[in-house]
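For the sequence shown, the UniProt record's numbering assigns the number 1 to the initial residue and increments by one for each residue that follows. Here the structure comes first, spelled out in structure tokens, and everything after it is commentary.
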Amino acid sequence: MAVKEDVKKFNSLPRPPRMPSGNFLNEWHFDLRFVHCLQPPSHILFLVQPGSTFAHFEFLPNDRAKGMTFFPETAKEAAPETAKALIHAFLSGFSDSPGRAMSPMAPWKLTTDDPDLQAAIEQEFRNLGIRNELVSIGATSPSREKVIMQSFLVTFDRIKHTFCDPESRSSTIIPPFSIGYKALNPPPLIPASVLRLVDQDNTMLEQGKIMAYAQLSIGCRPHDASKSLDSSAVHEEIMTKVASVEDLFKSQPMNAVKTKANAGDADAALDYGLRLMHGCGCSPNRSLARQYLVMAAYSPKGTSTTKATAHGVLVDWYSAPSPMPQRYLRAATWHANEVVKLFPKRPSPMTLKFAFYVMEPQLNNIPDLAYQRQELLDAMKRRTVEVEKNQAKMDHKRLESPNRYKCAAVGCGIQSDSGRMLRECVVSTTLCQNWPCVHLMLLFVVAEKEDWGNHKPFCKPGAPCSVIDTSDVQVSAGGSTKNGAIQLPLKMPDGSVIILSTSTLTLEHLKEVGKDIEDQAVAAQAQRSTPLLRPNTSGIVRRVEVNIGPTGKVEMKGI
Numbered sequence: 001m002a003v004k005e006d007v008k009k010f011n012s013l014p015r016p017p018r019m020p021s022g023n024f025l026n027e028w029h030f031d032l033r034f035v036h037c038l039q040p041p042s043h044i045l046f047l048v049q050p051g052s053t054f055a056h057f058e059f060l061p062n063d064r065a066k067g068m069t070f071f072p073e074t075a076k077e078a079a080p081e082t083a084k085a086l087i088h089a090f091l092s093g094f095s096d097s098p099g100r101a102m103s104p105m106a107p108w109k110l111t112t113d114d115p116d117l118q119a120a121i122e123q124e125f126r127n128l129g130i131r132n133e134l135v136s137i138g139a140t141s142p143s144r145e146k147v148i149m150q151s152f153l154v155t156f157d158r159i160k161h162t163f164c165d166p167e168s169r170s171s172t173i174i175p176p177f178s179i180g181y182k183a184l185n186p187p188p189l190i191p192a193s194v195l196r197l198v199d200q201d202n203t204m205l206e207q208g209k210i211m212a213y214a215q216l217s218i219g220c221r222p223h224d225a226s227k228s229l230d231s232s233a234v235h236e237e238i239m240t241k242v243a244s245v246e247d248l249f250k251s252q253p254m255n256a257v258k259t260k261a262n263a264g265d266a267d268a269a270l271d272y273g274l275r276l277m278h279g280c281g282c283s284p285n286r287s288l289a290r291q292y293l294v295m296a297a298y299s300p301k302g303t304s305t306t307k308a309t310a311h312g313v314l315v316d317w318y319s320a321p322s323p324m325p326q327r328y329l330r331a332a333t334w335h336a337n338e339v340v341k342l343f344p345k346r347p348s349p350m351t352l353k354f355a356f357y358v359m360e361p362q363l364n365n366i367p368d369l370a371y372q373r374q375e376l377l378d379a380m381k382r383r384t385v386e387v388e389k390n391q392a393k394m395d396h397k398r399l400e401s402p403n404r405y406k407c408a409a410v411g412c413g414i415q416s417d418s419g420r421m422l423r424e425c426v427v428s429t430t431l432c433q434n435w436p437c438v439h440l441m442l443l444f445v446v447a448e449k450e451d452w453g454n455h456k457p458f459c460k461p462g463a464p465c466s467v468i469d470t471s472d473v474q475v476s477a478g479g480s481t482k483n484g485a486i487q488l489p490l491k492m493p494d495g496s497v498i499i500l501s502t503s504t505l506t507l508e509h510l511k512e513v514g515k516d517i518e519d520q521a522v523a524a525q526a527q528r529s530t531p532l533l534r535p536n537t538s539g540i541v542r543r544v545e546v547n548i549g550p551t552g553k554v555e556m557k558g559i
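This is the structure we're talking about:
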């Protein structure tokens, strides 16, 4: 009813061709921007009269506390809120304080710089019943870009001083640009996490959706990263979760879950959002999925675990577009920080993975990305200290018995985090610890021919390593696992190191995977026309788990 009344009032406003002073045309540019320094971050409608440089902004939605409930991926999604804000701006005389407001009037002409937004607002105005002469939206002239930007900078300073933390007044906060919906690449209808599991095999699609649902919900749940699990325990946890998800889908149909979610049940809202994300029992719907995930994340009735899990899933939601627009990156960083606020010492794996592999590499390019995200930065520091302690522990063990943790064959490069993974030779005539790869499926005859000349003088129990091989990278595994694991360090063209770790692949298979990664990295380096995000990646170590997944396919994930 309120919208209909506002439309009626808007249609009755006078519409002069010039501003009251007579000096400037009654023409207005508008666009949408994502202001990341607000708490919470919010979208705004920015309006400016280019002739006089008079500017105004409106929060989207109008309730600033609900800023993260509004995150339109398309101009069509943005249109309803934007149209209401435009109408309110002109009806209020650009101020909610009567003493400071101008005499209400309708614009002679409205323009914007995004073609998709232009078309979407026109259609929304028609749907609302705006009179014909006000429906048409023009394209903003490129010659006005400079004055628009200058006007916004003044407005942005006002926003920082009025609504943002006092720190933002002296900090270097990057002003947001207008959102260009025309340039955005929509994420795939079926999430990449599902397609990776089924390898485009449609016969496995439904099972892949359930598996992706289970893996994401586990990965976004608070977890003590200092307590590592072996691969069999992880596999068992995923299979248990898959079974529980299947039971949940049978006992709780979509409509029942939706009803509970709309009634304020945070767990139901999380479940419903995950189903919509993956298309479990429905068509995938990113926009509606995010709506319910936000309901779960900010539910007054939800447990801390449910809220943190929902925030973690939202981090994944924002990470879907490729390339990842800065607006999405900043929103994901906000939700990752919310997870750490709820569980400072037990953030989810998804949160830490995003922080180290997505956010941190961008800090050089976007210096204010971590602004007011101190909780997340502190969690990263704590995790780094934990990893360094584990590395020091493992390094000490290796120094005490180096031939126990590294293959003696020249150029092999295989290492382990558990001495029993690299055992003595299985042939009675050469009992020693210098040929561990024999135990790990390498052909003994081949190894003997390659290494026997070096190995023979040392072939006795407890002897030191027969070959000092400095050709590969000696790195720590970062702590052992219950089942043990083998590692293969890879030197990347950018100077960084990737450590492949597996407890399910054979050595031959692990080396094949490593060779593929090295070849792809060399090819990418040769084709790259712009420098890496990091100006200096030498010394950076990334750990990647490589294992046979539940579907029988090789899966890789960062640790």
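Quick reminder that beta carbons are idealized off the backbone N, C-alpha and C, glycines included.
Considering only Phe71, Met68, Ser304, Pro493, the residue with the shortest C-alpha distance to Pro344 is Ser304. In the DSSP assignment, Asp31 falls within the beta strand (DSSP E) that extends over 27-35.
The three-state secondary structure of Glu545, taken from DSSP, is strand.
Residues Pro41, Ser42, Ile44, Ile159, Pro176 of the same chain have their beta carbon placed closer than 7 Å to that of Val35, with the five preceding and five following residues left out of the count. When Leu500, Asn365, Asn11, Met254 are compared, the shortest CA-CA separation from Ile173 is found for Asn365. Secondary structure note for Leu205: its alpha helix (DSSP H) is the uninterrupted segment 205-219.
The Cβ atoms of Val340 and Ser348 lie no closer than 7 Å to each other.
Put simply, the backbone Cα of Val294 is about 25 Å away from that of Gln362.
Considered as a whole, the region 81-145 harbours 109-112, 137-139 as its complete beta strand (DSSP E) runs of no fewer than 3 residues, in chain order. Here Ser141 is exposed: its Cβ has fewer than 16 other Cβ atoms, across all protein chains shown, within 10 Å. Rounded to the nearest whole angstrom, the C-alpha separation of Gln291 and Thr69 is 7 Å. Taking 8 Å as the upper bound for CB-CB distance, Gly138 and Lys182 are not in contact here, some 16 Å apart. The alpha-carbon separation between Pro222 and Arg327 amounts to approximately 25 Å.
In this model, Phe71 and Ala78 are separated by some 8 Å (Cα to Cα).
When DSSP states are grouped into helix, strand and coil, Gln326 belongs to the helix group.
The DSSP-derived three-state label of Arg286 is helix.
If you check the CB distance, Ser319 and Ala332 come in under 7 Å.
In the DSSP assignment, Phe10 falls within the alpha helix (DSSP H) that extends over 2-11. Look at the beta carbons and you see the region 80-98 touching the region 117-136: at least three pairs across the two are nearer than 8 Å. Pairing Thr111 with His29 gives a Cβ-Cβ distance under 7 Å.
The residue among Ala65, Glu133, Arg275, Thr74 with its C-alpha nearest the C-alpha of Phe10 is Glu133.
For Phe354, the enclosing alpha helix (DSSP H) stretches over residues 349-354. In this structure, Pro489 keeps its C-beta atom at 7 Å or more from the C-beta atom of Val522. Going by beta carbons, Met105 and Pro14 fall inside the 7 Å limit.
Under the DSSP assignment, Leu45 falls in the beta strand (DSSP E) whose first and last residues are 42-49.
Per DSSP, the continuous beta strand (DSSP E) segment holding Ser501 begins and ends at 497-502. Annotation for His223: no alpha helix (DSSP H) segment contains it, and DSSP assigns it neither H nor E. Bridge pairing for Ala55: Val48 [DSSP]. Counting only the Cα atoms, Thr502 lies some 46 Å from Ala65. By the C-beta density criterion, Val7 is buried, having at least 16 other C-beta atoms within 10 angstroms. DSSP places Lys491 inside the beta strand (DSSP E), whose first and last residues are 486-491. Asp114 is classed as buried because its beta carbon has at least 16 other beta carbons within 10 Å across all chains shown.
Scanning its chain for C-beta atoms nearer than 7 Å, with the 5 sequence neighbours on each side dropped, one finds around Ala261 the residues Ala268, Ala269, Tyr272, Tyr292, Met295, in chain order. Counting along the chain, Thr303 sits inside no alpha helix (DSSP H), nor does DSSP assign it H or E at all. A distance of 7 Å or more separates the beta carbons of Ile498 and Val546.
Thr259: member of the alpha helix (DSSP H) spanning 254-262, first to last residue.
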